[in-house]
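Colleague: Numbering (the working numbering), first residue to last: 14 to 224.
Dropping a structure here in structure tokens format, bear with me for questions.
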């Protein structure tokens with residue numbers, strides 16, 4: 014009996030060793046496929062009012078060598094005036110007529126005398142030497158709100174936060190570290206793409222940040 018017990022124990026040990034490889038692989042696979050949303054503790058992505066806009070007019074800011082001033086139609090009665098630090102990266106003639114994404118629920122603020130009301134979203138590489146627009150699909154509707162799969166964007170609970178608390182609580186600053194582009198240049202929040210009714214948004218920057 015003692016001999017049989019030793020034999021059984023040895024067989025069990027051998028079986029455990031044999032299972033170690035697959036078990037380890039399963040653990041690695043599970044870790045790799047873990048949903049980053051499970052550990053996210055920041056503000057809801059629905060706090061942001063990101064809309065499709067089209068740039069109607071661009072001119073250089075008279076007092077700031079890095080700023081463009083833009084008029085952007087985001088589906089409101091009047092175009093928004095927005096200042097963007099894009100002069101080191103883009104030519105004005107390449108910007109006019111472009112569809113872009115605009116973060117709309119920001120308070121208007123003076124930028125060297127120019128009242129800027131909103132922010133154009135761009136993707137950049139790690140050292141910020143390359144900056145490109147985040148592009149909605151060509152058929153996206155001007156004024157439509159950008160959504161993210163897995164989050165409810167309809168109804169009162171999903172309404173964007175008002176501009177005042179947006180700034181005071183630094184909502185965008187808390188969400189921004191989680192806005193990135195994939196290796197394919199798709200802008201994402203926690204691995205989920207920016208979407209419009211016409212499809213997925215894109216950018217020319219892979220593995221970058223969005224701001």
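In this text, a Cβ means the ideal position worked out from N, Cα and C, and glycines have one as well.
Measure the alpha-carbon distance for residue 157 versus residue 99 and round it to whole angstroms.
Modeller: The residue given as residue 157 occupies position 144 in the chain shown. The residue given as residue 99 occupies position 86 in the chain shown. About 24 Å.
Colleague: Cα separation between residue 44 and residue 127?
Modeller: Within the chain shown, the letter at position 31 stands for residue 44. Within the chain shown, the letter at position 114 stands for residue 127. With a pLDDT of 49 at residue 44, under the threshold of 50, the predicted position of this residue should be treated as unreliable, though the coordinate-derived value follows. Their Cα atoms are separated by approximately 48 Å.
Colleague: Can you confirm whether the stretch 108-117 touches the stretch 66-75 when touching is taken to mean that 3 or more C-beta pairs between the two stretches lie within less than 8 Å?
Modeller: Yes: at least three Cβ pairs fall under 8 Å.
Colleague: Let me confirm a value: residue 197 is counted as buried when at least 16 other C-beta atoms fall within 10 Å, else exposed. Which label applies?
Modeller: Locating residue 197 in the chain shown gives position 184, where the first residue counts as 1. With fewer than 16 Cβ atoms within 10 Å of its Cβ, residue 197 is classed as exposed.
Colleague: Tell me, please, whether the stretch 120-136 touches the stretch 212-222 by the rule of three or more beta-carbon pairs shorter than 8 Å.
Modeller: Enough Cβ pairs lie closer than 8 Å, so yes.
Colleague: Within 10 Å of its beta-carbon, does residue 194 have 16 or more other beta-carbons around it, so buried, or fewer, so exposed?
Modeller: Residue 194 sits at position 181 when you count from the first residue of the chain shown. Buried.
Colleague: Between which residues of its own chain and residue 145 is the CB-CB distance below 7 Å, once the five residues before and five after are set aside?
Modeller: The residue given as residue 145 occupies position 132 in the chain shown. Contacts found: 135, 136, 216, 217 and 218.
Colleague: Within 10 angstroms of its Cβ, does residue 74 collect 16 or more other Cβ (buried), or is it exposed?
Modeller: The residue labelled residue 74 in the question sits at position 61 within the chain shown. Classification of residue 74: buried, given that the 10 Å Cβ count is 16 or more.
Colleague: Should the stretch 158-165 be regarded as contacting the stretch 174-189, the criterion being three or more beta carbon pairs within less than 8 Å?
Modeller: Because the criterion of three Cβ pairs below 8 Å is not met, the stretch 158-165 and the stretch 174-189 do not touch.
Colleague: What is the rounded straight-line gap between the Cα of residue 88 and the Cα of residue 141?
Modeller: What you label residue 88 is simply residue 75 of the chain shown in a count that begins at 1. What you label residue 141 is simply residue 128 of the chain shown in a count that begins at 1. Going from the Cα of residue 88 to the Cα of residue 141 covers about 30 Å.
Colleague: So residue 55 and residue 188 are supposed to be a Cβ contact under 8 Å. How far apart are they, rounded?
Modeller: Indexing the chain shown from 1 puts residue 55 at position 42. Indexing the chain shown from 1 puts residue 188 at position 175. Indeed, because the Cβ distance is near 6 Å, the residues count as touching under 8 Å.
Colleague: Assuming the contact rule is C-beta atoms closer than 8 Å, residue 166 and residue 59 should be a hit. Round their C-beta distance to whole Å, please.
Modeller: Here residue 166 refers to the residue found at position 153 when the chain shown is read from its first residue. Here residue 59 refers to the residue found at position 46 when the chain shown is read from its first residue. Contact flag correct, Cβ pair sits at about 6 Å.
Colleague: Can you give the beta carbon distance from residue 149 to residue 114, rounded, assuming they're within the 8 Å contact cut?
Modeller: Mapped onto the chain shown, residue 149 falls at position 136. Mapped onto the chain shown, residue 114 falls at position 101. Contact holds; Cβ gap of about 6 Å.
Colleague: Output the boundary residues of the alpha helix (DSSP H) element that contains residue 107.
Modeller: Start at 1 with the first residue of the chain shown, and residue 107 comes out as number 94. Looking at the DSSP string, the run of the alpha helix (DSSP H) that includes residue 107 is 105-108.
Colleague: Between which two residues does the beta strand (DSSP E) carrying residue 96 extend?
Modeller: Taking the first residue of the chain shown as position 1, residue 96 is located at position 83. Where residue 96 is concerned, the enclosing beta strand (DSSP E) stretches over 93-97.
Colleague: Measuring alpha carbon to alpha carbon, tell me which of 51, 131 and 185 ends up nearest residue 86.
Modeller: Counting from 1 along the chain shown, the entry for residue 86 is found at position 73. Of the listed residues, the one whose Cα sits closest to residue 86 is 131.
Colleague: Please report the straight-line C-alpha distance between residue 48 and residue 191, rounded to a whole angstrom.
Modeller: The sequence position of residue 48 within the chain shown is 35, counting from 1. The sequence position of residue 191 within the chain shown is 178, counting from 1. Going by the C-alpha atoms only, they are around 13 Å apart.
Colleague: What does a CB cutoff of less than 6 Å around residue 25 pick up in its chain, not counting 5 residues either side in sequence?
Modeller: As a working mapping, residue 25 is identified with position 12 in the chain shown. Low confidence applies here, because residue 25 scores a pLDDT of 46, under 50, leaving its location unreliable and the question unanswered by this model.
Colleague: So, with DSSP's three-state summary, where would you put residue 136?
Modeller: Taking the chain shown and counting its residues from 1, one reaches residue 136 at position 123. Of the three classes helix, strand and coil, the one that applies to residue 136 here is strand, per DSSP.
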